[in-house]
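Chemist: Below: one structure in structure tokens.
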């Protein structure tokens, strides 16, 4: 098997011969660019703003200048037909911040990002309960 060993050694030397940049050299002049990894979760500044089109709270990292793309359901009875909200991409500087709910204790930034609004609780959605439109089983006619 000397031929196979020679090919393996040749492949290893070929891989080693390329000088690939490492670390900060991958992107010269790399600074913090919106859309890149913002770093440690403890340092994130997270705010919630109301989307003017769908009137839903949207979580933004402190440096985001536009609303991110987010979906909206045309009707609650068809949860699998989402559409892109017309408010996606709007400038975030003009939007009002959401007021914290009364009685809610202040949470850390990561919990604020990962917590869904109360309106999105799956147990309160109309499609999760028996008795809604289309919930009766189909009747077979013989």
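Numbering (our numbering), first residue to last: 1312 to 1453. Glycine included, each C-beta is placed from N, C-alpha and C at the ideal position. This structure is a prediction, so every number in the text was calculated from the model and none was measured.
#1: Extract the residue ranges of the beta strand (DSSP E) inside the segment 1360 to 1420, only unbroken runs of 3 or more that lie entirely within it.
#2: So, is residue 1370 buried or exposed, given that buried needs 16 or more other C-beta atoms within 10 angstroms?
#3: For residue 1401, I'd like the list of residues in its chain whose CB is within less than 6 Å of its CB, leaving aside the five on either flank, ordered along the chain.
#4: Kindly confirm or deny that the segment 1422 to 1434 and the segment 1382 to 1389 touch, where touching means at least three C-beta pairs closer than 8 Å.
#5: Could you work out which residue in 1362, 1356, 1396 and 1433 is closest to residue 1406 when comparing CA atoms only?
#6: Excluding sequence positions up to five away, which residues of its chain have a Cβ less than 7 Å from the Cβ of residue 1435?
Modeler: So, from the data block:
#1: Qualifying beta strand (DSSP E) stretches, in chain order: 1368 to 1372, 1382 to 1384 and 1393 to 1395.
#2: Residue 1370 sits at position 59 when you count from the first residue of the chain shown. With a 10 Å radius around the Cβ and a threshold of 16 neighbouring Cβ atoms, residue 1370 comes out buried.
#3: The residue given as residue 1401 occupies position 90 in the chain shown. Taken in chain order, the residues that qualify are 1378.
#4: In short, these stretches do not touch, since the Cβ pair count stays below three.
#5: In the chain shown, the residue the question calls residue 1406 occupies position 95. Of all alpha-carbon atoms in 1362, 1356, 1396 and 1433, the one lying nearest the alpha-carbon of residue 1406 is that of 1362.
#6: Locating residue 1435 in the chain shown gives position 124, where the first residue counts as 1. Cβ neighbours of residue 1435 within its own chain (closer than 7 Å, five residues either side excluded): none.
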